[in-house]
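These notes concern the structure reproduced below.
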Amino acid sequence: MRTTIFGLFIMLVSAQWGFAQNSAAEKEIIQLSKDKWEWMADKDVDKLDDLFHEKSMFVHMGGSWGKEREMQIIESGGIWYKKADIHEVSVKIIDNTAILLNRIDLLAEVGGNEVTNPFEVTEVYVNQDESWKLGSLSFTRLMSRGDDH
Numbered sequence: 001m002r003t004t005i006f007g008l009f010i011m012l013v014s015a016q017w018g019f020a021q022n023s024a025a026e027k028e029i030i031q032l033s034k035d036k037w038e039w040m041a042d043k044d045v046d047k048l049d050d051l052f053h054e055k056s057m058f059v060h061m062g063g064s065w066g067k068e069r070e071m072q073i074i075e076s077g078g079i080w081y082k083k084a085d086i087h088e089v090s091v092k093i094i095d096n097t098a099i100l101l102n103r104i105d106l107l108a109e110v111g112g113n114e115v116t117n118p119f120e121v122t123e124v125y126v127n128q129d130e131s132w133k134l135g136s137l138s139f140t141r142l143m144s145r146g147d148d149h
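Here the UniProt record's numbering is used: the sequence shown runs in plain steps of one and ends on residue 149.
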């Protein structure tokens, strides 16, 4: 009986410890995503260069490309991510991969024109050497604004 109770206690403590770790990792990813939006708005390519994985991919309404082109676009102002109003965020962690979903209204300047679009943004992060790197950033345009819900 004591062994059974002790075993259940150990399982409960282990489960709570696991949830606490996931929760801390989820919070870290959410903060990293918020920081990314600020760095993109500030065109801070040094911080983004460190965040974006060398093999990262970016999917936009006008096409898809890798890290080098995304960095050029941000630095040149080809797309200026001025402000992301985040309405919802969720994170799922699978092993060393985190999938973050943001429902946002994005104010951006594209080709000299200021536009606001509602997006569901998918961000995929991979943990390598105790550091999270952005592996993919995909924009899916929504039919309605984030404040409609």
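Every residue gets a Cβ at the ideal spot worked out from N, C-alpha and C, and that includes glycine.
Report buried or exposed for I94, applying the criterion of at least 16 other Cβ atoms within 10 angstroms of its Cβ. Position 94 of the sequence shown, counted from the first residue, corresponds to residue 94. Counting other Cβ atoms within 10 Å of its Cβ, I94 stays below 16 and is therefore classed as exposed.
For the stretch 39-48 against the stretch 61-78, are there 3 or more C-beta pairs whose distance is under 8 Å? By the Cβ rule, the stretch 39-48 counts as touching the stretch 61-78, because three or more pairs are nearer than 8 Å.
Just curious, the beta strand (DSSP E) that S131 is in, first and last residue? Within the sequence shown, numbered from 1, the residue matching residue 131 stands at position 131. Start and end: S131 to R141.
Can you tell me whether E68 is buried or exposed, with buried defined as 16 or more other CB within 10 angstroms of its CB? One-based indexing of the sequence shown puts residue 68 at position 68. With fewer than 16 other Cβ atoms inside 10 Å of its own Cβ, E68 counts as exposed.
Mapping DSSP to helix, strand and coil, what is S14? In the sequence shown, residue 14 corresponds to position 14, counting from 1. Because S14 carries a pLDDT of 44, less than 50, the predicted location of this residue cannot be relied on, and no value is offered for it.
With distances taken Cα to Cα, identify the nearest neighbour of S136 among M143, N127 and G112. Counting from 1 along the sequence shown, the entry for residue 136 is found at position 136. When M143, N127 and G112 are compared, the shortest CA-CA separation from S136 is found for N127.
Which class does K47 belong to by DSSP, given the choice of helix, strand or coil? Residue 47 sits at position 47 when you count from the first residue of the sequence shown. Look at K47 here: in three-state DSSP terms it is helix.
Does the separation of the CB atoms of V121 and E26 fall below 7 Å? For this step, residue 121 is matched to residue 121 along the sequence shown. For this step, residue 26 is matched to residue 26 along the sequence shown. Judged by beta-carbon spacing, E26 lies beyond the 7 Å limit of V121, meaning their Cβ atoms are not closer than that value.
Element boundaries [beta strand (DSSP E), containing M71]: The count along the sequence shown starts at 1 and reaches residue 71 at position 71. No beta strand (DSSP E) contains M71, which is instead part of the alpha helix (DSSP H) from K67 to S76.
Would you kindly check if the distance between the Cβ of E70 and the Cβ of L100 is under 7 Å? Counting from 1 along the sequence shown, the entry for residue 100 is found at position 100. Counting from 1 along the sequence shown, the entry for residue 70 is found at position 70. For L100 and E70, no; Cβs fall outside 7 Å.
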